[in-house]
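Trainee: Residue numbers (our numbering), protein chains in the order written: chain R, 1 to 149; chain E, 1001 to 1149; chain G, 2001 to 2149; chain F, 3001 to 3149. C-beta: ideal position from N, C-alpha, C; glycine also. Bear in mind that the values here come from a model prediction, so they are computed numbers and not experimental data.
Protein chains: 4
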Amino acid sequence: MKLTYLVPLAAFAVTALGSRSTPPNLTFLFSANLTKGSAYIYDQSETEIKALQALTGGTIGGPNFDGTVIGGTALSTRSADGTIRADAHYLIQTTDGANILVTESAAIPYVAVLFDTSSEKYNWLNNVTAWGTPPDLNEINFLEYWQVS
Amino acid sequence: MKLTYLVPLAAFAVTALGSRSTPPNLTFLFSANLTKGSAYIYDQSETEIKALQALTGGTIGGPNFDGTVIGGTALSTRSADGTIRADAHYLIQTTDGANILVTESAAIPYVAVLFDTSSEKYNWLNNVTAWGTPPDLNEINFLEYWQVS
Amino acid sequence: MKLTYLVPLAAFAVTALGSRSTPPNLTFLFSANLTKGSAYIYDQSETEIKALQALTGGTIGGPNFDGTVIGGTALSTRSADGTIRADAHYLIQTTDGANILVTESAAIPYVAVLFDTSSEKYNWLNNVTAWGTPPDLNEINFLEYWQVS
Amino acid sequence: MKLTYLVPLAAFAVTALGSRSTPPNLTFLFSANLTKGSAYIYDQSETEIKALQALTGGTIGGPNFDGTVIGGTALSTRSADGTIRADAHYLIQTTDGANILVTESAAIPYVAVLFDTSSEKYNWLNNVTAWGTPPDLNEINFLEYWQVS
Chain R
1 MKLTYLVPLA
11 AFAVTALGSR
21 STPPNLTFLF
31 SANLTKGSAY
41 IYDQSETEIK
51 ALQALTGGTI
61 GGPNFDGTVI
71 GGTALSTRSA
81 DGTIRADAHY
91 LIQTTDGANI
101 LVTESAAIPY
111 VAVLFDTSSE
121 KYNWLNNVTA
131 WGTPPDLNEI
141 NFLEYWQVS
Chain E
1001 MKLTYLVPLA
1011 AFAVTALGSR
1021 STPPNLTFLF
1031 SANLTKGSAY
1041 IYDQSETEIK
1051 ALQALTGGTI
1061 GGPNFDGTVI
1071 GGTALSTRSA
1081 DGTIRADAHY
1091 LIQTTDGANI
1101 LVTESAAIPY
1111 VAVLFDTSSE
1121 KYNWLNNVTA
1131 WGTPPDLNEI
1141 NFLEYWQVS
Chain G
2001 MKLTYLVPLA
2011 AFAVTALGSR
2021 STPPNLTFLF
2031 SANLTKGSAY
2041 IYDQSETEIK
2051 ALQALTGGTI
2061 GGPNFDGTVI
2071 GGTALSTRSA
2081 DGTIRADAHY
2091 LIQTTDGANI
2101 LVTESAAIPY
2111 VAVLFDTSSE
2121 KYNWLNNVTA
2131 WGTPPDLNEI
2141 NFLEYWQVS
Chain F
3001 MKLTYLVPLA
3011 AFAVTALGSR
3021 STPPNLTFLF
3031 SANLTKGSAY
3041 IYDQSETEIK
3051 ALQALTGGTI
3061 GGPNFDGTVI
3071 GGTALSTRSA
3081 DGTIRADAHY
3091 LIQTTDGANI
3101 LVTESAAIPY
3111 VAVLFDTSSE
3121 KYNWLNNVTA
3131 WGTPPDLNEI
3141 NFLEYWQVS
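#1: If you drop the 5 nearest sequence neighbours on each side, which residues of the same chain put their C-beta closer than 6 Å to that of THR2103 of chain G?
#2: Inspect the beta-carbon positions of SER76 of chain R and ILE100 of chain R and report whether they are closer than 9 Å.
#3: May I ask which residues mark the beginning and end of the beta strand (DSSP E) holding GLY2071 of chain G?
#4: Compile a chain-ordered list of the residues in the segment 1040 to 1058 of chain E whose CB is closer than 8 Å to at least one CB of chain A.
#5: Output the residue ranges of the beta strand (DSSP E) runs that lie fully inside the segment 3094 to 3142 of chain F and measure 3 residues or longer, sorted by chain position.
#6: Grouping DSSP H, G and I as helix and E and B as strand, with all else coil, what is GLU3046 of chain F?
#7: Which of helix, strand or coil does DSSP assign to THR2056 of chain G?
#8: Find the residues of chain G that neighbour TRP3069 of chain F, judging by a C-beta separation of less than 8 Å, and give them in chain order.
#9: Near ALA2098 of chain G, which residues of its chain fall below 7 Å by C-beta distance, leaving aside the five closest residues on each side in sequence?
#10: From R:ILE140, R:LEU125, R:LYS50 and R:ALA39, pick the residue whose C-alpha is nearest to that of THR1083 of chain E; which is it?
#11: Helix or strand or just coil, what does DSSP make of GLY1037 of chain E?
#12: Rounded to whole angstroms, what is the Cα-Cα separation between ASP1096 of chain E and ILE3041 of chain F?
#13: Using the Cβ count rule (16 or more neighbours within 10 Å means buried), how would you classify ASP3043 of chain F?
#14: Would DSSP call ALA1011 of chain E helix, strand or coil?
#15: Report, in whole angstroms, the separation of the C-beta atoms of PRO2134 of chain G and LEU3026 of chain F, which I expect to be a contact under 8 Å.
#16: Using Cβ-Cβ distances below 7 Å, what residues of the segment 1112 to 1126 of chain E are close to chain F?
#17: DSSP three-state call for GLY62 of chain R: helix, strand or coil?
#18: Do the CB positions of PHE28 of chain R and TYR145 of chain R come within less than 9 Å of each other?
#19: Which residues share a DSSP beta bridge with SER1031 of chain E?
#20: Any heavy atom of the ligand SAM closer than 8 Å to the beta-carbon of ALA3086 of chain F?
#21: So SER3105 of chain F and ASP3081 of chain F are in contact, right, with Cβ under 8 Å, and what is the actual spacing, rounded?
#22: Which residues in chain R sit within 8 Å of ILE2100 of chain G, going by Cβ to Cβ distance?
#23: Please report how far the alpha carbon of LEU1091 of chain E lies from the alpha carbon of ILE3049 of chain F, in whole angstroms.
#24: Comparing C-alpha positions only, which one of R:LEU143, R:ASN138 and R:GLY71 sits nearest to SER2038 of chain G?
#25: Does the beta carbon of ALA2106 of chain G come closer than 9 Å to any beta carbon on chain E?
#26: So with Cβ pairs under 9 Å, would you call TYR2090 of chain G a contact of chain F?
#27: How should ASN2138 of chain G be labelled, buried or exposed, when 16 other C-beta atoms within 10 angstroms of its C-beta is the threshold for buried?
#28: Chain E partners of LEU3075 of chain F, CB-CB under 7 Å?
#29: Contact criterion: CB-CB distance below 9 Å. Does ASN147 of chain R meet it with respect to chain G?
#30: Ordered along the chain, which non-local residues of its own chain (more than five positions away) have a Cβ less than 7 Å from that of LEU3052 of chain F?
#31: Shorter than 9 Å from the beta carbon of GLY1072 of chain E to some beta carbon of chain F?
#32: Check ALA51 of chain R in the structure and name its three-state DSSP category.
#33: Whose CA, out of F:SER3149, F:TYR3110, F:VAL3128 and F:THR3129, lies closest to the CA of ILE3140 of chain F?
#34: Is GLY2037 of chain G close to chain R? Criterion is C-beta to C-beta, closer than 9 Å.
Here it is, written out as structure tokens:
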């Protein structure tokens, strides 16, 4: 076995060569109506508030899939300058029975999203980078997500 | 001290109410010309390849800042279906001396990006969710990044 | 402001100099009787199973604190060689009302643990690295945790 | 395909039933003499300092393996109360050519450690949870690591 692989990882990463669109394309992916548990603050100082909040349910709807939110957890940090960063994992179960893990990294109210599933029907989501936000900031548990590509 | 905070975290997250644009706005943020070290494969099976790769340098240029890449590390997993997921941290130092941490989560060749800095000039980046990709997949170390909002 | 800090981070990390014990000390910290929801498998192949599982409750007891588990989420990956890796976050609320975030990284049945809390009474836990495992592998939801130092 | 797996993940996690030792066993695993680059502070306030620091090299020695540190990155946060938390990834290459990823989560000067490798000789490390610390806090780049089990 050769021990030091001199080929940059990038070299085996690209299977379809070509040029990308400028600016990126945005395609509506789905909307989510999330229900959440209480936010439990475990770290609070003059300059920072950190909290854990359960994602307890919700509904998902879009052109390519519908489903429910089984559950998950969000961890959030609010800084003195008003910045709120959050990381969340939750599981979607589609109406036709696929389980999809959703991983979110957010600068609230903006959310970057990745997906993981071995469902044959939905595994195209593994290559998707999406982005979501509440269209109405008075209704922050209703978000719309867009595929960026 | 009250121990269970019943106010949803979201409630203290939103400072500027209003409705969001549909679809999101994309604003060119910067381009990066990255240099990388060798990819070291530490886990290789018939179905998966995992590697660590150093980010050793590079140049950053955009309408709002220029700088250099001080360094960082990327961890990547290539699955049998061709999906490549990567997580990276690297540090940018701007030409006027600010240090900015860049955190990337990618479904290659698409990259979701968050920033961390206490620089007064650049701390608007803490609220930015960005997205990048190589405009030319034959030149994968040159990426363009767009602010999504 | 000086922009490149040449002092290694380590240099400002050490406040109490001295030599460490060899081998490390192990001090009983607490036991946990966890309750869990169903495991939802979102990625399954011949070589790997990945699942999300809710931590829905539980009781905590030890010489220095008692409490309940409010909730959290565990993400697990089982590989073909039988290795099971897991990452979990969950929140403990002590009987005297402090909220403590528990972060676990595990090579099952062994669990490395860190804590986060701003409670004055319990913030000594922020400096603790702990390690837990089920004393009886037939009762895997009952774990004992030890402080290593 | 059955969609909701009701069997707790834990149930398929345990292959070797039995009771665990109390207290845990500690076995010397290896020592590391690390070399580090400068610490770049990207977030500094009255209450917190966050920095990125490259791990640029080093030597590893133990009863079961010897090697060198290829490189990696550490991210650290120092809080006002003196707590220092760090997360690091780095790659070890053994003298007989295996690549091993080391993942560290630390409450400095204490470090929890996990390993990833597909090397047949060293893949027993995938099931190891280790713990390390500098035996002499005046020489903080020299750490000793112990397997906990």
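Mentor: Answer, in terms of the structure:
#1: HIS2089 and LEU2114
#2: no
#3: 2066 to 2079
#4: No chain A appears in this structure, whose protein chains are R, E, G and F.
#5: Correct list: 3099 to 3107, 3110 to 3116 and 3129 to 3133.
#6: In the three-state reduction of the DSSP assignment, GLU3046 of chain F falls in the coil class, being assigned neither a helical nor a strand state.
#7: In the displayed model, THR2056 of chain G falls within a strand according to three-state DSSP.
#8: With the sequence shown as reference, residue 3069 of chain F is identified as Val, and Trp is not the correct amino acid for it. Result: empty, since nearest Cβ-Cβ is about 15 Å, beyond 8 Å.
#9: THR2117, SER2119, LYS2121 and TYR2122
#10: R:LEU125
#11: strand
#12: 15 Å
#13: buried
#14: Here ALA1011 of chain E scores only 41 on pLDDT, less than 50, and its place in the model should not be relied on; the value that follows carries that caveat. Helix at ALA1011 of chain E.
#15: Contact between PRO2134 of chain G and LEU3026 of chain F does not hold, since the beta-carbon distance rounds to 18 Å and is not under 8 Å.
#16: ASP1116, THR1117 and SER1118
#17: coil
#18: yes
#19: E:GLY1061 and E:GLU1144
#20: The ligand SAM is not part of this structure, which contains no ligands at all.
#21: Beta-carbon to beta-carbon, SER3105 of chain F and ASP3081 of chain F are separated by about 19 Å, too far to satisfy the 8 Å threshold.
#22: TYR42
#23: Taking the straight line from one Cα to the other gives about 15 Å.
#24: Minimum Cα-Cα distance from SER2038 of chain G among the listed residues R:LEU143, R:ASN138 and R:GLY71 corresponds to R:GLY71.
#25: no
#26: When Cβ-Cβ separations below 9 Å define contact, TYR2090 of chain G makes no contact with chain F.
#27: exposed
#28: HIS1089
#29: Sequence inspection shows Gln at residue 147 of chain R; the Asn mentioned does not correspond to that position. Taking Cβ atoms only, chain G never reaches closer than 9 Å to GLN147 of chain R, which makes this a no.
#30: If you ignore the 5 residues before and after LEU3052 of chain F, its C-beta comes within less than 7 Å of the C-beta of TYR3040, TYR3042, THR3073 and LEU3075, all in its own chain and listed in chain order.
#31: yes
#32: strand
#33: F:TYR3110
#34: yes
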